[in-house]
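Engineer:
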Amino acid sequence: MSSDTASRIESEVRRRRTFAIISHPDAGKTTLTEKLLLFSGAIQIAGSVKARKASRHATSDWMEIEKQRGISVASSVMQMEYRDCVINLLDTPGHQDFSEDTYRVLTAVDAALMVIDAANGVEPQTRRLLQVCRARNTPILTFVNKMDREVRQPLDLMDEIERELGMSVVPFTWPVGMGKFFGGVLDLGKDQMRVFSPGEERATHDDEIIEGLANPVLEERFGSPYMEAASEVELVREAAPGFDEAEFLAGRQTPMFFGSAINNFGVREVLDALVDMAPAPGPRPALQREVQPGEPKFTGVVFKIQANMDPAHRDRIAFLRVASGHFERGMRLKVVRSGKELRPNTVVSFLSQRRELLEEAFGGDIIGIPNHGVLQLGDTLTEGESLQFTGLPFFAPEMFRAVEVADPLRTKQLRAGLTQLGEEGAIQVFRPVAGSVLLLGAVGQLQFEVVAHRLEHEYGVKARIMPARYNVARWVTCDEADGGERELKRFIDGNSHRVALDAVDAPCVLLEYAGELRAMQENWPKIKFHALREHA
Ligand code: G4P
Numbered sequence: 001m002s003s004d005t006a007s008r009i010e011s012e013v014r015r016r017r018t019f020a021i022i023s024h025p026d027a028g029k030t031t032l033t034e035k036l037l038l039f040s041g042a043i044q045i046a047g048s049v050k051a052r053k054a055s056r057h058a059t060s061d062w063m064e065i066e067k068q069r070g071i072s073v074a075s076s077v078m079q080m081e082y083r084d085c086v087i088n089l090l091d092t093p094g095h096q097d098f099s100e101d102t103y104r105v106l107t108a109v110d111a112a113l114m115v116i117d118a119a120n121g122v123e124p125q126t127r128r129l130l131q132v133c134r135a136r137n138t139p140i141l142t143f144v145n146k147m148d149r150e151v152r153q154p155l156d157l158m159d160e161i162e163r164e165l166g167m168s169v170v171p172f173t174w175p176v177g178m179g180k181f182f183g184g185v186l187d188l189g190k191d192q193m194r195v196f197s198p199g200e201e202r203a204t205h206d207d208e209i210i211e212g213l214a215n216p217v218l219e220e221r222f223g224s225p226y227m228e229a230a231s232e233v234e235l236v237r238e239a240a241p242g243f244d245e246a247e248f249l250a251g252r253q254t255p256m257f258f259g260s261a262i263n264n265f266g267v268r269e270v271l272d273a274l275v276d277m278a279p280a281p282g283p284r285p286a287l288q289r290e291v292q293p294g295e296p297k298f299t300g301v302v303f304k305i306q307a308n309m310d311p312a313h314r315d316r317i318a319f320l321r322v323a324s325g326h327f328e329r330g331m332r333l334k335v336v337r338s339g340k341e342l343r344p345n346t347v348v349s350f351l352s353q354r355r356e357l358l359e360e361a362f363g364g365d366i367i368g369i370p371n372h373g374v375l376q377l378g379d380t381l382t383e384g385e386s387l388q389f390t391g392l393p394f395f396a397p398e399m400f401r402a403v404e405v406a407d408p409l410r411t412k413q414l415r416a417g418l419t420q421l422g423e424e425g426a427i428q429v430f431r432p433v434a435g436s437v438l439l440l441g442a443v444g445q446l447q448f449e450v451v452a453h454r455l456e457h458e459y460g461v462k463a464r465i466m467p468a469r470y471n472v473a474r475w476v477t478c479d480e481a482d483g484g485e486r487e488l489k490r491f492i493d494g495n496s497h498r499v500a501l502d503a504v505d506a507p508c509v510l511l512e513y514a515g516e517l518r519a520m521q522e523n524w525p526k527i528k529f530h531a532l533r534e535h536a
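Numbering-wise (UniProt numbering), the sequence shown opens with residue 1 and increments by one.
#1: So, for Leu165: in the same chain, excluding its five sequence neighbours on each side, which residues have a beta-carbon less than 6 Å away from its beta-carbon?
#2: Have a look at Pro124, Glu150 and Tyr103 and flag the residue whose alpha-carbon is nearest the alpha-carbon of Ala118.
#3: With a Cβ-Cβ cutoff of 8 Å, do Ala6 and Pro467 count as a contact?
#4: Have a look at Ala250 and Asn137 and give me their C-alpha separation to the nearest angstrom.
#5: On the DSSP letters alone, give me the boundaries of the alpha helix (DSSP H) that Ile492 sits inside.
#6: Just list the residues that DSSP pairs Asp117 with in beta bridges.
#7: Would you kindly report the start and end of the unbroken beta strand (DSSP E) that includes Val195?
#8: Please classify Ser23: does DSSP put it in a helix, a strand, or coil?
#9: Taking all protein chains shown into account, do 16 or more other C-beta atoms lie within 10 angstroms of the C-beta of Gln428, making it buried, or fewer, making it exposed?
#10: Check each candidate in Gly368, His326, Leu375 and His457 and name the one with the smallest Cα separation from Ser338.
#11: What distance in whole Å lies between the Cβ atoms of Met256 and Thr142, which are believed to be in contact at a cut-off of 8 Å?
#12: For the alpha helix (DSSP H) holding Val275, just list the boundary residues, first then last.
#13: List the whole-angstrom C-beta distance separating Gly425 from Glu12, where the pair is believed to meet the contact cut-off of C-beta under 8 Å.
#14: Between the C-alpha atoms of Ala318 and Leu113, what's the straight-line distance to the nearest angstrom?
#15: With 16 as the cutoff for other CB atoms within 10 Å, does Val109 come out buried or exposed?
#16: Would you identify the three-state DSSP class for His372, choosing helix, strand or coil?
#17: Does DSSP put Arg454 in a helix, in a strand, or in coil?
#18: Would you say the beta carbon of Pro139 comes nearer than 7 Å to a heavy atom of the ligand G4P?
#19: Would you call the region 80-93 in contact with the region 14-34, where contact means no fewer than 3 C-beta pairs closer than 8 Å?
#20: Taking the beta strand (DSSP E) that Lys35 belongs to, which residues open and close that run?
#21: Once DSSP output is grouped into helix, strand and coil, what is the label at Arg17?
#22: Please state whether the Cβ-Cβ distance between Leu186 and Leu213 is less than 8 Å.
#23: Take every Cβ of the region 361-370, pair it with every Cβ of the region 428-441, and state whether three or more of those distances are shorter than 8 Å.
#24: Quick check on DSSP: helix, strand or coil for Tyr82?
#25: Please list, in chain order, all residues of the same chain as Ala452 whose beta carbon is under 7 Å from its beta carbon, the five residues on each side excluded.
#26: Residues in its own chain within less than 7 Å of Arg335 by CB, not counting five upstream and five downstream?
#27: Kindly confirm or deny that the region 166-181 and the region 282-295 touch, where touching means at least three C-beta pairs closer than 8 Å.
#28: Mapping DSSP to helix, strand and coil, what is Val105?
#29: Cβ of Arg533 within 8 Å of Cβ of Ala506?
#30: Compare the beta carbon distance of Val322 and Ala278 with 8 Å and say whether it is the shorter of the two.
#31: For the ligand G4P, is there a heavy atom less than 7 Å away from the beta-carbon of Ile209?
#32: Among Arg8, Val86 and Phe39, whose alpha-carbon lies nearest the alpha-carbon of Phe265?
#33: Hey, out of Asp493, Val472, Asn495 and Lys489, whose CA is closest to His530's CA?
#34: Hey, would you say the C-beta of Lys29 is under 7 Å away from at least one heavy atom of the ligand G4P?
#35: Return yes when at least one heavy atom of the ligand G4P lies under 7 Å from the C-beta of Ser76, else no.
#36: Please go through the same chain and pick out, in chain order, the residues whose beta-carbon is closer than 7 Å to the beta-carbon of Pro525, but skip the five residues on each side of it.
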């Protein structure tokens with residue numbers, strides 16, 4: 001590789017920022033996403049974000065929107081250029097039943113933007129997503145939205161975020177008033193006030209700026225809300241720690257911004273902060289070694305699979321996060337798991353107005369490879385090296401159903417359909433080691449409905465989804481030192497009536513009550529029980 005190529009890869013990686021927005025439904029994720037796209041000039045995609053959101057509230061709407069998967073695929077990943085950076089924004093599915101998918105998406109980002117509804121504070125979905133980010137030490141920026149409404153006191157919100165999410169919060173801006181009296185934000189770093197004016201149609205550069213946080217004009221114009229904000233800022237400056245980059249990068253400290261996404265207010269500051277503070281793609285762990293993004297050879301990992309636009313063709317798009325090297329359209333790639341070779345020619349790019357992005361990608365970018373089942377969740381692609389990236393999580397399901405086909409002649413189609421839906425991560429499929437009825441495992445009820453719907457419409461199988469008696473699942477393993485495979489086999493043989501194999505043949509014990517698990521752990525001290533399986 002020439003040194004030119006090497007330095008090009010390095011500099012392309014350095015200007016990448018790959019992140020996701022996490023929030024509770026209705027906090028304003030869709031609105032903020034649209035504004036980010038507007039600010040970066042990728043306006044035409046913004047419409048599609050809204051179109052999809054419009055039909056995402058209920059199950060029936062979800063089914064409808066599945067018919068428009070084109071939109072949904074196109075806006076799952078959005079790439080935009082802002083200042084000198086290439087920003088990849090990954091969508092996280094909003095419905096909590098799809099949280100598994102969301103967790104996997106979060107493995108593909110280097111930072112997250114947390115949106116909090118200033119009236120509601122920390123909500124359950126935010127809390128859950130935050131835990132995943134924290135577990136991975138993902139740096140988090142916080143945007144407190146909807147300051148144009150009657151909301152909670154900023155000190156109160158700050159306190160709640162610190163307490164509930166276990167991070168220290170460093171305000172970068174501070175609101176002056178709220179609702180009808182929302183005057184704008186004090187920018188603590190720039191020592192100026194950015195004055196709020198409502199309206200979506202405003203140009204994005206025309207915020208009025210008043211220099212100097214102690215400028216007497218501020219008191220004259222904004223009265224007691226300003227006085228209050230100024231004294232809060234003083235308090236916060238004394239009590240809160242200063243910004244510490246290392247703490248931020250470790251996910252222990254979050255910079256906080258206030259604004260109103262719908263009014264385009266405070267959005268540019270967040271975008272600037274992402275560019276200035278969020279990390280460029282870093283090394284990624286594989287079983288064999290750590291992979292650096294600047295390495296010359298291409299590597300990447302599939303973190304999401306989505307059925308494509310035309311259900312009749314069953315083609316799917318595998319979303320791949322580039323981990324290293326330089327991806328070029330038509331290059332020869334190896335699927336490490338199967339040894340199969342792939343020459344993706346029609347790679348989906350996510351920015352329609354810049355054709356050259358279809359041709360190449362670098363560390364941190366997301367590429368979509370259409371395929372007919374060659375690629376599975378967790379697959380590693382390389383130029384030939386045997387490498388397996390780790391860290392893609394599968395969660396032990398909390399709900400189970402037995403599944404049978406109404407017409408026994410279509411059993412084959414049922415199995416084929418379930419295998420593919422399982423590979424997509426839409427549902428987990430278990431084959432009991434004793435018995436022939438397949439079991440479905442999910443973390444949310446909606447998953448079963450979606451699977452039944454898709455089996456019927458995509459695979460022509462009317463499935464009977466029936467209650468199953470299980471409520472708890474744990475993957476089981478045994479360390480070499482404790483007897484390894486032999487002890488595991490002894491366990492499986494001894495519990496064959498409640499052990500099943502998942503999509504990659506990993507054994508899993510299925511139980512009715514959590515209490516049974518404790519008894520089992522006592523009886524089988526050498527067996528390890530896992531609520532989470534990482535793809536290996
Ligand atoms: P989500 O993707 O996180 O679910 O939230 P979304 O952006 O759809 O926003 C949820 C609701 O909050 C929307 O209202 C949206 O207009 C509103 N919203 C977003 N940002 C702000 C803000 O800064 N201030 C105020 N006052 N409202 C905001 P909706 O009535 O549910 O939908 P719509 O009819 O406005 O689209």
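Idealized CB from N, CA, C, for every residue including glycine.
Quick caveat, the model's predicted, so the values are computed rather than measured.
Structural biologist: By the coordinates alone:
#1: Leu130
#2: Glu150
#3: no
#4: 5 Å
#5: Gly484 to Gly494
#6: Gly121 and Asn145
#7: Gln192 to Val195
#8: strand
#9: buried
#10: Leu375
#11: 4 Å
#12: Val267 to Met277
#13: 29 Å between Cβ atoms; not a contact.
#14: 24 Å
#15: buried
#16: coil
#17: helix
#18: no
#19: yes
#20: No beta strand (DSSP E) contains Lys35, which is instead part of the alpha helix (DSSP H) from Lys29 to Ser40.
#21: strand
#22: yes
#23: no
#24: strand
#25: Ala463 and Ile465
#26: The identity of residue 335 in the sequence shown is Val, whereas the question assumes Arg. Contacts found: Leu342, Val374, Leu375, Asp379 and Leu381.
#27: no
#28: helix
#29: yes
#30: no
#31: no
#32: Phe39
#33: Val472
#34: yes
#35: no
#36: none
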